[in-house]
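Undergrad:
2 protein chains.
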Amino acid sequence: MIIEVDFSGDIPIYSQVRDQIVIGIASGQLRPGDALPSVRRLAADIGINVHTVNKAYAILRDEGFIIMDRRSGAEIAAMKKEDGPFIEQLKGRLCPYVAEAMCRQMSLEEFQESVASIYHSLKM
Amino acid sequence: MIIEVDFSGDIPIYSQVRDQIVIGIASGQLRPGDALPSVRRLAADIGINVHTVNKAYAILRDEGFIIMDRRSGAEIAAMKKEDGPFIEQLKGRLCPYVAEAMCRQMSLEEFQESVASIYHSLKM
DNA sequence: TTATATGTTATACATGATATAGAACAAATA
DNA sequence: TATTTGTTCTATATCATGTATAACATATAA
């Protein structure tokens, strides 16, 4: 799996790395049990600092996406089904986007269609 | 309209102010033509610096949500219907959230239901 | 005129986030 | 023994964020 980073954007590098790995898991490119490149390896491949990759990995670990072992490295975790608190947290983060879409006269159906478009582009 | 800010959170204050005004417009609490409080007034009400409010207002102006006049103050703008580029930009920002939901075994329908929940909570 | 209020701009400062760099540690493997 | 793993530590540089103070041009009201 190839990870690319936009250095000129306003999204932190560690956040971009985190997002792309999550997208990789969602799309099936990364499956539970798969080994991730070591922090040094990935840092060298992308051309960034080891600490930046380590921060992304630590976040993914705290979020339950990966399992890290000091000796064997990092691998994709098997995740449980989402619970109530996650959905509430998700709603809170989505709210500003839904609100902006409503201001721009986007219907609920149009918004949901965009979500479906993302969903299917990841699923295949 | 009351604007409250979380100082301990990880979301910048100017971003929180921006989001809450957008939510106010989406919910109909703020309508096109309505006057916004002056930057000094709102800053005093919330208990933050004038420049922080000014930054939020400047962003809202750049995004087309409000119209600012050096003499008459700021007011809510009448917005056109969203265009193609906006939807593409929106998809890019939503993608990580959809991906995370998929990793947590959330179905498309469940995600869309959350969006609908937000939509209706703003609409009423 | 005078006073007040508006957005706007400028400078300065403090703090935290971000990213880099180099080094070292404990544990496991080849 | 040598290498690799995640992890931790110190250090530095840069940018974002937030505050503080001041001033400006413009408009309105007393």
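These protein sequence lines are chains A and B, in that order. Okay, so the first sequence: first residue is 727 according to this note's numbering, each after it adds one. Okay, so the second sequence: first residue is 727 according to this note's numbering, each after it adds one. Each residue gets a CB set at the ideal place from its N, CA and C atoms; glycine is no exception.
What first and last residue would you give for the alpha helix (DSSP H) that runs through Met828 (chain A)?
TA: 810 to 829
Undergrad: Let me check understanding here. Comparing Cα to Cα, which of A:Ser833, A:Ala803, A:Gly754, A:Arg787 lies closest to His846 (chain A)?
TA: A:Gly754
Undergrad: Please list, in chain order, the chain B residues whose beta carbon lies closer than 9 Å to that of Gln815 (chain A).
TA: The premise fails here: Gln815 (chain A) is roughly 10 Å from chain B at the closest Cβ pair, so nothing lies under 9 Å.
Undergrad: Any beta carbon from chain A within less than 7 Å of Ser734 (chain B)'s own beta carbon?
TA: Chain A, which has no Cβ nearer than 7 Å to the Cβ of Ser734 (chain B), makes this no.
Undergrad: According to DSSP, Ala800 (chain B) sits in a beta bridge with which residue or residues?
TA: B:Met794
Undergrad: For Met794 (chain A), go through chain B and note every residue whose CB falls closer than 7 Å to its CB, in chain order.
TA: What Met794 (chain A) touches in chain B: nothing, since even the nearest Cβ is about 17 Å away.
Undergrad: Between B:Ile749, B:Asp736, B:Val743, which lies nearest to Cys821 (chain A) when the distance is taken from Cα to Cα?
TA: B:Ile749
Undergrad: Name the chain B residues that come within less than 8 Å of Ile785 (chain A), Cβ to Cβ?
TA: What Ile785 (chain A) touches in chain B: nothing, since even the nearest Cβ is about 12 Å away.
Undergrad: I'd like to check one pair, Lys817 (chain B) with Ile844 (chain A): are the Cβ atoms closer than 7 Å?
TA: yes
Undergrad: Candidates A:Ser840, A:Ile739, A:Ile813, A:Arg797: which alpha carbon is nearest Gly773 (chain A)'s?
TA: Of the residues A:Ser840, A:Ile739, A:Ile813, A:Arg797, the one whose Cα lies closest to the Cα of Gly773 (chain A) is A:Ile739.
Undergrad: From the beta carbon of Ala752 (chain B), is the nearest beta carbon of chain A less than 7 Å away?
TA: yes
Undergrad: How would you list, in chain order, the residues of chain A whose beta-carbon sits under 8 Å from the beta-carbon of Gln831 (chain B)?
TA: In chain order: Met805, Lys806, Lys807, Glu808.
Undergrad: Output yes if chain A places a C-beta closer than 7 Å to the C-beta of Leu834 (chain B); else output no.
TA: yes
Undergrad: Hey, is Pro840 (chain B)'s beta-carbon within less than 7 Å of any beta-carbon in chain A?
TA: Inspection of the sequence shows that residue 840 (chain B) is occupied by Ser rather than by Pro. With 7 Å as the cut-off, Ser840 (chain B) counts as an interface residue toward chain A.
Undergrad: Anything in chain A within Cβ reach of Tyr845 (chain B), meaning under 8 Å, just list it in chain order.
TA: Val824, Met828, Leu834, Phe837
Undergrad: Can you tell me whether Phe733 (chain A) is buried or exposed? The criterion is at least 16 other CB atoms within 10 Å of its CB, across all chains shown.
TA: exposed
Undergrad: Using a Cβ-Cβ cutoff of 7 Å, what residues of the region 742 to 768 of chain B are near chain A? List them in chain order.
TA: Asp745, Val748, Ile749, Ile751, Ala752
Undergrad: Just to check my reading of the structure: Met828 (chain A) and Leu848 (chain B) have Cβ atoms closer than 8 Å, yes? What is that Cβ distance to the nearest angstrom?
TA: 6 Å
Undergrad: How would you write the range of the alpha helix (DSSP H) that Asp760 (chain B) sits in, first residue to last?
TA: Taken as a continuous stretch (DSSP letters only), Asp760 (chain B) belongs to no alpha helix (DSSP H), as it is neither H nor E.
Undergrad: State buried or exposed for Ile792 (chain A), treating a residue as buried only when at least 16 other CB atoms are found within 10 Å of its CB.
TA: buried
Undergrad: If the cut is a Cβ gap below 7 Å, which residues of chain B does Arg819 (chain A) touch?
TA: Tyr823
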